[in-house]
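Structure, as structure tokens:
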Amino acid sequence: MMKYLQKLGKSLMLPVAALPAAGILMGIGYWLDPTGWGANNIISAFLLKAGGALVDNMAILFAIGVAVGMADDHEGTAGLAGLVSWLMLTTLLSSGAVSMYTGADANPAFAKIQNQFIGIVCGVIGASCYNKFKNTRLPDALSFFSGKRCVAIVTSVVTILVAVVLFFIWPAIYSALVNFGIAITGMGAVGAGIYAFLNRLLIPVGLHHALNSVFWFDVAGINDLGNFWAGTGTLGQTGMYMAGFFPVMMFGLPAAALAMYHTAKDTKKKAAAGLLLAAALSSFFTGVTEPLEFSFMFLAPVLYVIHALLTGVSAVVVTILGPRAGFNFSAGLVDYVLSFKAPMAVNPIMLIPIGIVFGIIYYVIFRAAITALDLKTPGREDDDLDESAIELDTSDFDGMAAVILEGLGGKANVTSIDNCITRLRLEIKDYTKIDEKKIKSAGVAGIIRPSKTAIQIIIGPKVQFVADAMKKLV
200 MMKYLQKLGK SLMLPVAALP AAGILMGIGY WLDPTGWGAN NIISAFLLKA
250 GGALVDNMAI LFAIGVAVGM ADDHEGTAGL AGLVSWLMLT TLLSSGAVSM
300 YTGADANPAF AKIQNQFIGI VCGVIGASCY NKFKNTRLPD ALSFFSGKRC
350 VAIVTSVVTI LVAVVLFFIW PAIYSALVNF GIAITGMGAV GAGIYAFLNR
400 LLIPVGLHHA LNSVFWFDVA GINDLGNFWA GTGTLGQTGM YMAGFFPVMM
450 FGLPAAALAM YHTAKDTKKK AAAGLLLAAA LSSFFTGVTE PLEFSFMFLA
500 PVLYVIHALL TGVSAVVVTI LGPRAGFNFS AGLVDYVLSF KAPMAVNPIM
550 LIPIGIVFGI IYYVIFRAAI TALDLKTPGR EDDDLDESAI ELDTSDFDGM
600 AAVILEGLGG KANVTSIDNC ITRLRLEIKD YTKIDEKKIK SAGVAGIIRP
650 SKTAIQIIIG PKVQFVADAM KKLV
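If you want the working numbering, it's the position in the sequence shown, counting the first as 1, plus 199.
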């Protein structure tokens with residue numbers, strides 16, 4: 200279940216990746232016309248409408264993107280299935296349709312059926328149907344609909360069944376989401392802190408996007424992101440569920456990366472520097488924090504809880520002090536600058552000194568915790584091998600990958616392939632099928648087996664080429 204949720208979380212990044220385009224277009228539009236918001240400048244209006252087209256249709260992007268992201272081979276057919284599910288589900292459960300079924304006014308919940316949460320549900324339906332039925336073989340008379348052509352048909356049937364279930368339970372789910380949102384908003388700054396804390400805490404399982412749909416989008420009527428850019432919110436209040444992330448992503452996490460580098464072993468500082476520097480720059484400039492967070496959330500979970508708590512504190516502090524900035528993608532430098540002229544922006548420059556203070560706090564706490572608890576952050580692993588210095592004696596990455604795969608027990612025994620800066624990180628089904636002698640014959644530098652279902656193979660800095668070759672084989 201945990202792996203499934205993690206896969207869902209990763210797949211959600213595909214539709215979210217479309218948001219930078221919206222942020223750039225709308226940010227430039229507001230810079231061109233910061234007072235009229237497009238009314239005084241045709242170019243500004245054009246850009247604002249173009250960016251708004253993506254923001255206003257995020258639910259559809261979720262339906263398609265999640266379906267493609269969760270498909271076993273990321274095939275576009277799954278995206279089509281996700282769209283089929285979205286079109287059917289939102290039509291079957293629209294207010295007009297529900298009124299027709301019942302002969303009475305529809306529950307207000309059905310007026311909000313076209314939201315990001317439902318988009319995610321439709322994406323999961325599309326991907327699940329694709330993964331299950333993409334290789335279906337039908338009798339000769341129906342052979343045209345065999346394989347991937349039957350996916351959309353199966354998806355439509357499944358969607359009808361899901362619509363029947365949601366017809367009865369969606370009002371309860373919607374009410375729960377709305378009541379949760381109302382409870383948090385009624386708590387002011389403390390509520391913003393609780394939301395920010397939960398936002399970070401749920402990242403390992405990917406459920407933070409479901410939470411974000413309550414506060415950033417219009418599932419529960421808060422729509423912090425949409426109101427911030429459209430100028431339809433309340434000045435000084437709108438943006439409170441976004442502004443607190445800027446000090447963390449632009450200053451806090453990069454400072455944490457510096458602390459991890461300073462506490463790395465001398466023999467591993469070079470390898471750690473490459474990983475941490477790239478991840479820190481990603482967090483600072485774009486607000487993409489996952490590369491940095493995933494580098495320590497499983498190696499040192501106590502640090503991740505500290506990070507989530509500090510994010511909550513940042514949200515509380517920023518909400519109380521009053522600066523407001525927003526984003527269309529994430530709380531990095533690019534969105535920060537673009538949001539300066541947004542309708543609901545309030546004294547965003549104040550986030551810089553707040554961020555510097557949080558950077559210092561992050562550095563001190565992370566460095567103290569790492570050394571005091573001997574946490575195994577990047578560069579502090581128990582083996583003393585200098586992985587950054589490894590040089591492969593072959594450039595035949597396809598051949599190397601084939602030998603490693605054979606030593607792993609074949610592709611049927613491999614469930615997940617990933618890599619860090621120097622290691623293949625693999626998940627397997629049956630650890631008894633592992634042939635370490637065979638794997639080592641490929642020229643690898645070492646093998647680590649942290650659990651019965653996990654194996655790490657030390658390749659060196661060229662690990663990406665081996666990982667890509669293995670993914671092709673599998």
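Each residue gets a CB set at the ideal place from its N, CA and C atoms; glycine is no exception.
These numbers come from a predicted model, not from an experiment.
Around the beta carbon of Ser650, fewer than 16 other beta carbons sit within 10 angstroms, so the residue counts as exposed. Under the three-pair Cβ rule at 8 angstroms, the region 538-547 does not count as touching the region 459-470.
Taking the C-beta atoms as reference points, Phe557 is found nearer than 8 angstroms to Val447. In the three-state reduction of the DSSP assignment, Gln436 falls in the coil class, being assigned neither a helical nor a strand state. When the beta-carbon positions are compared, Gly598 and Ile633 stay at least 8 angstroms from each other.
Secondary structure note for Pro338: it is in no beta strand (DSSP E), with a DSSP letter that is neither H nor E.
Around the beta carbon of Ser482, 16 or more other beta carbons sit within 10 angstroms, so the residue counts as buried.
Pairing Val613 with Val377, the inter-Cα distance amounts to about 42 angstroms.
The beta-carbon distance between Ala442 and Val517, rounded to whole angstroms, is 5 angstroms. This is short enough to meet the 8 angstroms contact definition. DSSP places Gly228 in the helix class (H, G or I) of the three-state scheme.
Distances from the alpha-carbon of Ala391 to those of Leu279, Ala471, Ile657 and Gly438 put Gly438 closest. Collapsing the DSSP output to three states places Ile263 in a helix.
Taking a cut-off of 8 angstroms on C-beta distances, the region 272-279 does not touch the region 250-258, as fewer than three cross pairs fall below it.
Around Pro370, the same chain offers Asn306, Ala308 and Phe309 as residues with beta carbons nearer than 8 angstroms, after the five sequence neighbours per side are excluded. Classified as buried, Ala471 has 16 or more neighbouring CB atoms from the shown chains inside 10 Å of its CB. Distances from the CA of Ile393 to each of Phe444, Tyr373 and Val320 were compared; the closest alpha carbon is that of Phe444. When the Cα atoms are used, Val515 and Val389 turn out to be separated by approximately 6 angstroms. The C-beta distance from Gly264 to Pro214 rounds to 3 angstroms, short enough to fall under 8 angstroms.
Beta-bridge annotation (DSSP): Val613 is paired with Ile627. Under the three-state reduction of DSSP output, Gln313 falls in the coil class, being neither helix nor strand. In the structure shown, the three-state DSSP call for Pro649 is strand. Rounded to whole angstroms, the gap between the alpha carbons of Ile638 and Ile603 is 5 angstroms. Per DSSP, the beta bridge partners of Val545 are Arg523.
The beta-carbon distance between Phe416 and Gln315, rounded to whole angstroms, is 5 angstroms. This is short enough to meet the 8 angstroms contact definition. C-alpha of Phe245 to C-alpha of Tyr329: approximately 38 angstroms in a straight line. CA-to-CA, the gap between Ile319 and Lys575 works out to about 35 angstroms. Rounded to the nearest whole angstrom, the CA to CA distance from Ile560 to Val545 is 25 angstroms.
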